[in-house]
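Trainee:
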């Protein structure tokens, strides 16, 4: 079809008004025929003024204007002509003639023109340039995405990567974030200006060319690989931005820039990537320097302008706050982990009849703990627990509770009674926390803790356990059979629930493996991964506990349910029979001499030095005398050659002995005083049949 000629002006007022509309309208106007060729056009917009009218009339718009999505736009316009449904306020992108490197935005509205009889005449197209509005809207989108996606984790490197993922390709074709290396460790950032010798770590990199976050491949050249740590050479725009905390925008990265020679590696990467414009800005918080953001454009033709600088400053402010929050968390986390390490035992206590190894998940939250506590009578207290929460405050509470547990265990209280008294302490600490000012974050955090406590006796092969929360205890026997013991569940320590704690006792055969945990073990019970428990039962004999601990960790890691926070692996061994002496004594006054002789002979067999043996005879004499005089039968004497030389006298009375300080004229009342002077420690332990008075002395040579 031949090209249409421009329509001649109509006569009369209507024609004059139409001419005025096309010459004076602030909106660009086009009239298109049914072949989508321009019939008439005005020059209201800058894009139209760049193209002479004679070059437009008679041509299709995609032949005249540099539409970036020409096929899509023409399809939409053709759809309006065919359907008659208007296209309103649609955004199209285009390049101006002579300026192919800059992108412009236009808002078009297209309407079909018809005669009164319904014949289609063509289309009317109204055009408004909205470049400034759309660029402003795009910047707002970047800011919104930055606020939403950057800083979601309390991890410095992850925060930096989130930032470059937002900026590329929306603002830059290449984005690099470098962070002061000390910030990654949680240390305080240096004050501005940044000293020349302070090293920065390349924390994040992204390229629109396809290098992504890894920066690998020839299409994503880098001056240095991710993780590289070095001080920035200068002077360059990068070092200047870190010196006066002002951004730098370089409109053209040509070979004549003198500062490129100061940083050859970066200059080579710029040339290899084809970057033609740069903007770099410091990451700062309260006049301290955290790092540096550098943005480059390779595909996007226009250089960075003041609006881009303003956008980057806002993005940098948000990112710097997020990095500083992550730094503070890292610092607190490091302090909490350090405090936890100092508060935990250096290594589990060794024992001839017991070996243990702990497992904390995660190992550095600050709130979990374990303990193995030597008790009288060759027994061992086994404790695992975890304070709800993380960080330094959880570590501090953990230290307080662990100290209380140690103190209570020294009084030989039963596990259920120990938990009741420990809960009193936790309740007191929770009440103190509730009185903090409402602005204090701890005021809104309830204090609660999980705890499990067991006492293992290698001489009677019994284990007594109680717990706060939902503890669990798995027993793997020497023959490979397994059982999950039902540990009575109690309320969390510090809660308002006043339900009494309960304990359960059961027999633990020799050469068994115990797994004591402060929470359920979903991966090691029948409802979870039963194969893991079976494998553990089959393989535990003869293997180091550390290897078994790894097996438990792997099994827990594969569980879909949340795992425990702290557990203790315990392997029992037979207590050497030749290191225990037990005698049943008659309830007669002459039994004291018999007891002294029995102990003297046994200590001689053990090779105990003479002075210690003499002290032990005096101790036994006083303990047996008190049992005969103030106790009730049956009487039993037991000496144990363990980590300490232990003497125990059991009788059937529940009356409590009392240490007296007799006066000069008193003829008695010095028995326990003498015992306390000769022994390192002494105490009373109650049993269902009565009580046991025990003493401990320095470990004898073996």
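Numbering (this note's numbering), first residue to last: 2 to 703.
A virtual CB, placed ideally from N, CA and C, is assigned to each residue, including glycine.
All of these numbers come straight from a predicted model, not from anything done at the bench.
1) Mark residue 646 as exposed unless 16 or more other C-beta atoms lie within 10 angstroms of its C-beta, in which case mark it buried.
2) The alpha helix (DSSP H) with residue 162 in it runs from where to where?
3) What three-state label does DSSP hand residue 303 in the structure shown?
4) Can you tell me whether residue 292 is helix, strand or coil according to DSSP?
5) Between the alpha carbons of residue 435 and residue 424, how many angstroms are there, rounded?
6) Assuming residue 319 and residue 151 make a contact with CB atoms under 8 Å, what is their CB distance in whole Å?
7) Does DSSP put residue 372 in a helix, in a strand, or in coil?
8) Would a C-beta distance cut-off of 8 Å place residue 161 and residue 181 closer than the cut-off?
9) Need the endpoints of the beta strand (DSSP E) that residue 698 sits in, please.
10) If contacts are defined as beta-carbon pairs under 8 Å, then residue 284 and residue 293 qualify, I think. What distance do you get, rounded to the angstrom?
11) What are the boundary residues of the alpha helix (DSSP H) that includes residue 80?
12) Evaluate the contact criterion for the stretch 111 to 127 versus the stretch 69 to 83: three or more CB pairs, one atom per stretch, below 8 Å.
13) For residue 512, verify whether its CB is less than 7 Å away from any heavy atom of the ligand COA.
14) Under DSSP, the beta strand (DSSP E) around residue 424 begins and ends at which residues?
15) So, under 8 Å CB-CB, residue 465 and residue 508 are touching, yes? Tell me the CB distance rounded to an integer number of Å.
16) Can you find the residues in the same chain that come closer than 6 Å, C-beta to C-beta, to residue 638, ignoring five residues on each side of it along the sequence?
17) Rounded to a whole number of angstroms, what is the C-alpha to C-alpha distance between residue 477 and residue 374?
18) In this structure, how does DSSP classify residue 112 when only helix, strand and coil are distinguished?
19) Along the chain, where does the alpha helix (DSSP H) that runs through residue 627 open and close?
20) Which of helix, strand or coil does DSSP assign to residue 528?
21) Return the bridge partner residues of residue 107 from the DSSP annotation.
22) Please determine, among 676, 410, 450 and 288, the residue with the shortest C-alpha to C-alpha distance to residue 394.
23) Mapping DSSP to helix, strand and coil, what is residue 225?
24) Determine, using beta carbons only, whether residue 491 and residue 420 come nearer to each other than 8 Å.
25) Could you give the distance in angstroms between the alpha-carbon of residue 614 and the alpha-carbon of residue 575?
26) Name the residue from 158, 245, 331 and 310 whose alpha carbon lies nearest to the alpha carbon of residue 189.
27) Around the Cβ of residue 253, are there at least 16 other Cβ atoms within 10 angstroms (buried) or fewer (exposed)?
28) Only counting the same chain, and skipping five residues up and downstream in sequence, which positions put a Cβ closer than 6 Å to that of residue 593?
29) Count the C-beta pairs between the stretch 440 to 454 and the stretch 401 to 421 that are closer than 8 Å, then say yes if the count reaches three, no if not.
30) How would you call residue 18, buried or exposed, if buried means at least 16 neighbouring beta carbons within 10 angstroms?
31) Please confirm if the stretch 258 to 265 is in contact with the stretch 303 to 318, defined as three or more CB-CB distances below 8 Å between the two stretches.
32) Which residue marks the beginning of the alpha helix (DSSP H) containing residue 66, and which one marks its end?
33) Run the CB neighbour count on residue 487, radius 10 Å, all protein chains shown included, and call it buried at 16 or more, exposed below.
34) So, with DSSP's three-state summary, where would you put residue 189?
35) Pairing CB atoms from the stretch 297 to 309 with CB atoms from the stretch 335 to 351, are three or more of them under 8 Å?
36) Taking the alpha-carbon positions, what's the residue 352 to residue 474 distance?
Mentor: Well, looking at it:
1) Residue mapping note: residue 646 aligns to position 645 of the chain shown, counting from 1. By the Cβ neighbour-count rule, residue 646 is buried, with 16 or more other Cβ atoms within 10 Å of its own.
2) To locate residue 162, count along the chain shown from 1; it is residue 161. Unbroken alpha helix (DSSP H) run through residue 162: 157 to 168.
3) The sequence position of residue 303 within the chain shown is 302, counting from 1. Coil.
4) Here residue 292 refers to the residue found at position 291 when the chain shown is read from its first residue. Here residue 292 sits in strand by DSSP.
5) Taking the first residue of the chain shown as position 1, residue 435 is located at position 434. Taking the first residue of the chain shown as position 1, residue 424 is located at position 423. Residue 435 and residue 424: Cα-Cα distance of roughly 16 Å.
6) Mapped onto the chain shown, residue 319 falls at position 318. Mapped onto the chain shown, residue 151 falls at position 150. Cβ-Cβ separation between residue 319 and residue 151: approximately 6 Å, consistent with a contact (criterion under 8 Å).
7) The residue labelled residue 372 in the question sits at position 371 within the chain shown. Residue 372: strand per DSSP, three-state reduction.
8) Stepping through the chain shown from its first residue, residue 161 is reached at position 160. Stepping through the chain shown from its first residue, residue 181 is reached at position 180. In this structure, residue 181 does not lie closer than 8 Å to residue 161 by Cβ.
9) Looking up residue 698 in the chain shown gives position 697. If you look at residue 698, you'll find it in the beta strand (DSSP E) that goes 691 to 698.
10) Looking up residue 284 in the chain shown gives position 283. Looking up residue 293 in the chain shown gives position 292. With 8 Å as the limit, residue 284 and residue 293 qualify as a contact, their Cβ atoms being about 6 Å apart.
11) Counting from 1 along the chain shown, the entry for residue 80 is found at position 79. Start and end: 71 to 84.
12) Three or more beta-carbon pairs drawn from the stretch 111 to 127 and the stretch 69 to 83 are found closer than 8 Å, and the two stretches are therefore classed as touching.
13) Looking at this structure, you won't find the ligand COA or any other ligand, since it has none at all.
14) Counted from its first residue, the chain shown places residue 424 at position 423. Counted as a single uninterrupted DSSP element, the stretch harbouring residue 424 is not any beta strand (DSSP E) but the alpha helix (DSSP H) occupying residues 416 to 435.
15) Position 464 of the chain shown holds residue 465. Position 507 of the chain shown holds residue 508. The Cβ separation is near 11 Å, so there is no contact.
16) As a working mapping, residue 638 is identified with position 637 in the chain shown. Within the same chain, residue 638 has close Cβ partners 584, 586, 596 and 650.
17) Translated into the one-based positions of the chain shown, residue 477 becomes position 476. Translated into the one-based positions of the chain shown, residue 374 becomes position 373. Residue 477 and residue 374 have their C-alpha atoms spaced approximately 22 Å apart.
18) Start at 1 with the first residue of the chain shown, and residue 112 comes out as number 111. Correct three-state label for residue 112: strand.
19) Stepping through the chain shown from its first residue, residue 627 is reached at position 626. Membership of residue 627 in the alpha helix (DSSP H) is indicated by the continuous run 611 to 631.
20) For this step, residue 528 is matched to residue 527 along the chain shown. Only weak support exists for where residue 528 lies, its pLDDT of 40 falling under 50; the value from the coordinates is given anyway. Reduced to three states, the DSSP call for residue 528 is coil.
21) By one-based count along the chain shown, residue 107 stands at place 106. Bridge partners of residue 107: 93 and 130.
22) In the chain shown, the residue the question calls residue 394 occupies position 393. The candidate whose alpha carbon is nearest that of residue 394 is 450.
23) Here residue 225 refers to the residue found at position 224 of the chain shown. In this structure, residue 225 counts as coil in the three-state DSSP scheme.
24) In the chain shown, residue 491 corresponds to position 490, counting from 1. In the chain shown, residue 420 corresponds to position 419, counting from 1. In terms of Cβ geometry, residue 491 and residue 420 form a close pair [threshold 8 Å].
25) Locating residue 614 in the chain shown gives position 613, counting from the first residue. Locating residue 575 in the chain shown gives position 574, counting from the first residue. Each residue's Cα considered, the two are about 26 Å apart.
26) Looking up residue 189 in the chain shown gives position 188. Nearest option by C-alpha distance: 331.
27) The sequence position of residue 253 within the chain shown is 252, counting from 1. Under this definition residue 253 is an exposed residue.
28) For the purposes of this step, residue 593 is taken as the residue at position 592 of the chain shown. If you ignore the 5 residues before and after residue 593, its C-beta comes within less than 6 Å of the C-beta of 622, 625 and 626, all in its own chain and listed in chain order.
29) Enough Cβ pairs lie closer than 8 Å, so yes.
30) Taking the first residue of the chain shown as 1, we reach residue 18 at position 17. Exposed, by the Cβ-count rule.
31) The stretch 258 to 265 and the stretch 303 to 318 do not touch, with fewer than 3 CB-CB distances between them shorter than 8 Å.
32) Taking the chain shown and counting its residues from 1, the one referred to as residue 66 is at position 65. Segment: none, residue 66 is in no alpha helix (DSSP H) and carries neither H nor E.
33) Numbered from 1 along the chain shown, position 486 holds the residue referred to as residue 487. Under this definition residue 487 is an exposed residue.
34) On the chain shown, position 188 is the one that residue 189 refers to. Residue 189 sits in coil when the DSSP states are folded into three classes, being neither helix nor strand.
35) As far as the Cβ criterion goes, the stretch 297 to 309 does not touch the stretch 335 to 351, which means the pair count is below three.
36) Walking along the chain shown from the start, residue 352 turns up at place 351. Walking along the chain shown from the start, residue 474 turns up at place 473. If I take the Cα positions, the gap works out to 21 Å.
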